[in-house]
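Participant: Attaching a single structure in structure tokens format; questions to follow.
Numbering (my numbering), first residue to last: 395 to 766.
In structure tokens:
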């Protein structure tokens, strides 16, 4: 081995030693966080403290600046550690709550991605979770080919199926009239509204919710769960209690208000990204070639569009096609694209600037633009 190779090997060994110390310090930090979490729970304090996070960020940036380190890198490292800490504290809080101890939950559609999320989430709270799914058994979970028998003895029945299947299942549950709470989690409520009414009329406790996040979500802080009024206040209150030990934001609204909101929040954002990657495909250039020369804006948009393209097309089509309010944002998107095409085609720079200025003023009201 040459002298240069020995020097390189020694430097790599030094890096390995530093990396090991970083891991040890991260583990020590997590242990301290766990103790803070226990003390917060004892004093009934919330998991997240935005003032403290801001102090941590400012201190990290100041220390990085003093040592010649990029402050953005320091803040990114601390952000990663903070999110890991919050996730750990939230899970510990759920386990300590033990709200499901001694009770049974059945997740219909429990082999699906959102179904599995609820299986894990409820299990953390101490529920004895069983599943029923035509996809077949899931390792280490009690599985039922037919959901009807376990539904009759479950304290909680979560329906995590496609919307058409959800409506059929809810109709059958209205006939079965189980004693447990029936909770559906669909992204659109209009297709299941008649079945929800039948459940209420049959005297079944029922809740309709919409988790506004995907199945890869681990930390609920900053996430939203919409509680939808299906005509059973007690059932909805019971569903609320499932999330009260977390830092999730809980909001109640009517079925119609929910679907109108989702048309813009989900339908428009999905359609915008589908239009983006469809337009890119039409250009005839491989995306790998385009990505080589990507601007910051293009890279960010490409990242979001890639995630949308990998999602379940059947679910996304349901969100677009079954929402009675879904056409309005799609028409608004088409009109906006047509107006951009017109201003550019006719050389109306002032009108184009007006579009951007109006948008900037509108977006300035976003919560993400304000201070916490």
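Glycine residues also receive a C-beta, built at the ideal position from the N, C-alpha and C atoms.
#1: Can you list, in chain order, the residues of its chain whose CB lies under 6 Å from that of residue 520, leaving out five sequence neighbours each side?
#2: Quick check on residue 636: does DSSP put it in helix, strand or coil?
#3: Quick one, which of 600, 596, 619, 598 has its alpha-carbon nearest residue 607's?
#4: Thinking C-alpha only, which one of 611, 632, 686, 654 is nearest residue 584?
#5: If I follow the unbroken alpha helix (DSSP H) through residue 505, where does it start and stop?
#6: Quick check: what's the CA-CA separation for residue 578 versus residue 502?
#7: Between which two residues does the alpha helix (DSSP H) carrying residue 470 extend?
#8: Is residue 678 near the ligand FMN - that is, is its Cβ less than 8 Å away from at least one heavy atom of it?
#9: Check whether the Cβ atoms of residue 638 and residue 623 lie closer than 9 Å to each other.
#10: What are the partner residues of residue 537, as DSSP defines its beta bridges?
#11: Going by DSSP in three states, residue 740 sits in which element: helix, strand or coil?
#12: Using only CA atoms, which one of 734, 572, 759, 629 lies nearest to residue 747?
#13: According to DSSP, is residue 582 part of a helix, a strand, or is it coil?
#14: Alpha carbon to alpha carbon, how far is residue 661 from residue 641?
#15: Short of 6 Å in beta carbon distance, which residues of its chain neighbour residue 535, apart from the five on each side in sequence? Order them along the chain.
#16: Looking at the unbroken beta strand (DSSP E) that takes in residue 643, where does it start and where does it end?
#17: Please classify residue 725 as buried or exposed, where buried requires at least 16 other C-beta atoms within 10 Å of its C-beta.
#18: For residue 498, I'd like the list of residues in its chain whose CB is within less than 6 Å of its CB, leaving aside the five on either flank, ordered along the chain.
#19: Do residue 625 and residue 575 have their CB atoms nearer than 9 Å?
#20: Residues in the same chain with beta-carbon distance under 8 Å from residue 723, minus the five sequence neighbours each way, listed in chain order, please.
#21: Going by C-alpha to C-alpha distance, which of 599, 745, 398 sits closest to residue 730?
#22: With a cut-off of 8 Å, do at least 3 Cβ pairs link the stretch 666-675 to the stretch 690-710?
#23: Assign residue 711 to buried or exposed, taking buried as 16 or more other Cβ atoms, counted over all protein chains shown, within 10 Å of its Cβ.
#24: Residue 593 lies in the alpha helix (DSSP H); which residues open and close that run?
#25: Quick one: what's got a C-beta closer than 7 Å to residue 612's C-beta in the same chain, skipping five residues either side?
#26: DSSP state of residue 532, grouped into three classes?
#27: Applying the 10 Å Cβ sphere with the 16-neighbour rule, what's the burial state of residue 764?
#28: May I have the straight-line CA-CA distance separating residue 458 from residue 532, to the nearest angstrom?
#29: Do residue 614 and residue 552 have their CB atoms nearer than 9 Å?
#30: Is residue 605 helix, strand or coil when you go by DSSP?
#31: Just the Cα atoms here: how many angstroms apart are residue 702 and residue 507?
#32: Pull up the distance between the alpha-carbon of residue 716 and that of residue 582, whole angstroms please.
#33: Give me, in chain order, the residues of the same chain whose beta-carbon lies closer than 8 Å to that of residue 471; leave out the 5 immediate sequence neighbours on both sides.
Facilitator: Let's see:
#1: By one-based count along the chain shown, residue 520 stands at place 126. Result list for residue 520: 492, 494, 495, in chain order.
#2: Against the chain shown, residue 636 aligns to sequence position 242. In this structure, residue 636 counts as coil in the three-state DSSP scheme.
#3: The residue given as residue 607 occupies position 213 in the chain shown. Out of 600, 596, 619, 598, 619 has the C-alpha closest to the C-alpha of residue 607.
#4: Numbered from its first residue, the chain shown carries residue 584 at position 190. Answer by Cα proximity: 654.
#5: Indexing the chain shown from 1 puts residue 505 at position 111. Under the DSSP assignment, residue 505 falls outside any alpha helix (DSSP H); it carries neither an H nor an E label.
#6: As a position in the chain shown, residue 578 is number 184, starting the count at 1. As a position in the chain shown, residue 502 is number 108, starting the count at 1. Distance between residue 578 and residue 502, taken at the CA atoms: about 10 Å.
#7: Residue 470 sits at position 76 when you count from the first residue of the chain shown. From DSSP, the alpha helix (DSSP H) with residue 470 extends over 465-491.
#8: This structure does not include the ligand FMN; it has no bound ligands of any sort.
#9: Along the chain shown, one-based indexing puts residue 638 at 244. Along the chain shown, one-based indexing puts residue 623 at 229. Cβ distance not < 9 Å, so residue 638 and residue 623 don't count as in contact.
#10: Along the chain shown, one-based indexing puts residue 537 at 143. BP columns for residue 537 point to 525.
#11: One-based indexing of the chain shown puts residue 740 at position 346. When DSSP states are grouped into helix, strand and coil, residue 740 belongs to the coil group.
#12: Translated into positions along the chain shown, residue 747 becomes position 353. The option with the nearest alpha carbon to residue 747 is 734.
#13: For the purposes of this step, residue 582 is identified with residue 188 of the chain shown, where counting begins at 1. In the three-state DSSP reduction, residue 582 falls in the coil class, being neither helix nor strand.
#14: Locating residue 661 in the chain shown gives position 267, counting from the first residue. Locating residue 641 in the chain shown gives position 247, counting from the first residue. Counting only the Cα atoms, residue 641 lies some 26 Å from residue 661.
#15: Numbered from its first residue, the chain shown carries residue 535 at position 141. 525.
#16: Here residue 643 corresponds to residue number 249 of the chain shown, with the count starting at 1. In the DSSP annotation of this structure, the continuous segment of the beta strand (DSSP E) that includes residue 643 starts and ends at 643-648.
#17: Indexing the chain shown from 1 puts residue 725 at position 331. In this structure residue 725 is exposed. Its beta-carbon is surrounded by fewer than 16 other beta-carbon atoms within 10 angstroms.
#18: In the chain shown, counting from the first residue as 1, residue 498 sits at position 104. The beta carbon of residue 498 sits closer than 6 Å to those of 522, 548, 549, all from its chain and outside the five residues before and after it, given in chain order.
#19: Taking the chain shown and counting its residues from 1, the one referred to as residue 625 is at position 231. Taking the chain shown and counting its residues from 1, the one referred to as residue 575 is at position 181. Going by C-beta atoms, residue 625 is not nearer than 9 Å to residue 575.
#20: Within the chain shown, numbered from 1, the residue matching residue 723 stands at position 329. Correct list, in chain order: 657, 658, 661, 662, 665.
#21: As a working note, residue 730 is residue 336 in the chain shown. Of the listed residues, the one whose Cα sits closest to residue 730 is 745.
#22: The answer is yes - the stretch 690-710 touches the stretch 666-675, with three or more Cβ pairs under 8 Å.
#23: Translated into positions along the chain shown, residue 711 becomes position 317. Result: exposed.
#24: Mapped onto the chain shown, residue 593 falls at position 199. 587-595 is the span of the alpha helix (DSSP H), which, as asked, contains residue 593.
#25: Indexing the chain shown from 1 puts residue 612 at position 218. These residues qualify, in order along the chain: 481.
#26: As a first step, residue 532 is located in the chain shown; it is residue number 138 there, counting from the start. The three-state reading of DSSP puts residue 532 in coil, since its state is none of H, G, I, E or B.
#27: Residue numbering aside, residue 764 sits at position 370 when the chain shown is read from its first letter. Confidence at residue 764 is low in this model, with a pLDDT of 44, below 50, so its placement is unreliable and the value that follows should be read with caution. Taking all protein chains shown into account, residue 764 has fewer than 16 neighbouring C-beta atoms within 10 Å of its C-beta and is therefore exposed.
#28: In the chain shown, residue 458 corresponds to position 64, counting from 1. In the chain shown, residue 532 corresponds to position 138, counting from 1. The alpha-carbon of residue 458 is positioned some 47 Å away from that of residue 532.
#29: Position 220 of the chain shown holds residue 614. Position 158 of the chain shown holds residue 552. Pairing residue 614 with residue 552 gives a Cβ-Cβ distance that is not under 9 Å.
#30: By 1-based counting over the chain shown, the position of residue 605 is 211. In the structure shown, residue 605 sits in a strand (DSSP, three-state: E or B).
#31: On the chain shown, position 308 is the one that residue 702 refers to. On the chain shown, position 113 is the one that residue 507 refers to. Pairing residue 702 with residue 507, the inter-Cα distance amounts to about 15 Å.
#32: Numbered from its first residue, the chain shown carries residue 716 at position 322. Numbered from its first residue, the chain shown carries residue 582 at position 188. Roughly 7 Å between the two C-alpha positions.
#33: Locating residue 471 in the chain shown gives position 77, counting from the first residue. Result list for residue 471: 454, in chain order.
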